[in-house]
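S.K.: Once you know that position 111 of the sequence shown is 111 in full-length UniProt numbering, the rest is easy, because the numbers rise by one and skip nothing.
Questions regarding the structure given below will be posed in turn.
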Amino acid sequence: MDPEDVARLTALEESLWRPETRFDHEHLARVFADDFDEFGRSGRHWSREASMATEAEAFETLLPLPLLRIRSLGPDAALLTYRSETTYPESGVTLVANRSSVWQRIEGEWRLRFHQGTPTR
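Here it is, written out as structure tokens:
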């Protein structure tokens, strides 16, 4: 995969783990594909609209994303896998999950089509 695409996909994925962009509706509208959906760490299904409507909350995620791996699925598609370690300061709870994201280049821009989180220890 082209190094520019690797850098762009890494930055986009990490933007979803930064509070200043995770809760920015305009940013999410640019990043999520029109048919985006997600199965979250909780097992809940999230539509594009539900994901974009999530209320802001304080959290800290370990960055760079641990165990990040990017695999090409073709000239305009990629699979990102990694582990997330997210701490919620209000409760002190840290949640860990294995994650996968499917990205597709649509009209020249990388857009997130699908994401899944699986709880782990």
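Heads up, the beta-carbon is just placed ideally off N, CA and C, and yes, glycines get one too.
Keep in mind that this is a model prediction, so the values were computed, not measured.
(1) Between the alpha carbons of G43 and H115, how many angstroms are there, rounded?
(2) In angstroms, rounded to a whole number, what distance separates the CA positions of A58 and S15?
(3) List the residues that DSSP assigns as beta-bridge partners of S101.
(4) For S47, count neighbouring C-beta atoms within 10 Å of its own C-beta (all shown protein chains included) and say buried if the count is 16 or more, exposed if not.
(5) Any chance you could list the beta strand (DSSP E) runs of at least 3 consecutive residues sitting entirely within the segment 21-80, in chain order?
(6) Decide yes or no for the touch test of the segment 20-40 against the segment 67-82: beta carbon pairs closer than 8 Å, at least 3 of them.
(7) Quick one, are the C-beta atoms of T118 and A97 less than 7 Å apart?
(8) Return helix, strand or coil for L16, following the three-state DSSP convention.
M.R.: In short:
(1) Here residue 43 is taken as the residue at index 43 of the sequence shown, counted from 1. Here residue 115 is taken as the residue at index 115 of the sequence shown, counted from 1. One C-alpha to the other measures close to 12 Å.
(2) Reading the sequence shown from its first residue, position 58 is the one you call residue 58. Reading the sequence shown from its first residue, position 15 is the one you call residue 15. Cα to Cα, A58 sits roughly 15 Å from S15.
(3) Locating residue 101 in the sequence shown gives position 101, counting from the first residue. As computed with DSSP, S101 is found in a beta bridge with L80, H115.
(4) Within the sequence shown, the letter at position 47 stands for residue 47. By the 10 Å Cβ count, S47 comes out exposed.
(5) Counting only runs of 3 or more, we get 32-39, 45-47, 69-74.
(6) The answer is no - the segment 67-82 does not touch the segment 20-40, with fewer than three Cβ pairs under 8 Å.
(7) Within the sequence shown, numbered from 1, the residue matching residue 118 stands at position 118. Within the sequence shown, numbered from 1, the residue matching residue 97 stands at position 97. Yes, the pair counts as a contact, with Cβ atoms nearer than the cut-off.
(8) Within the sequence shown, numbered from 1, the residue matching residue 16 stands at position 16. Three-state result, L16: coil.
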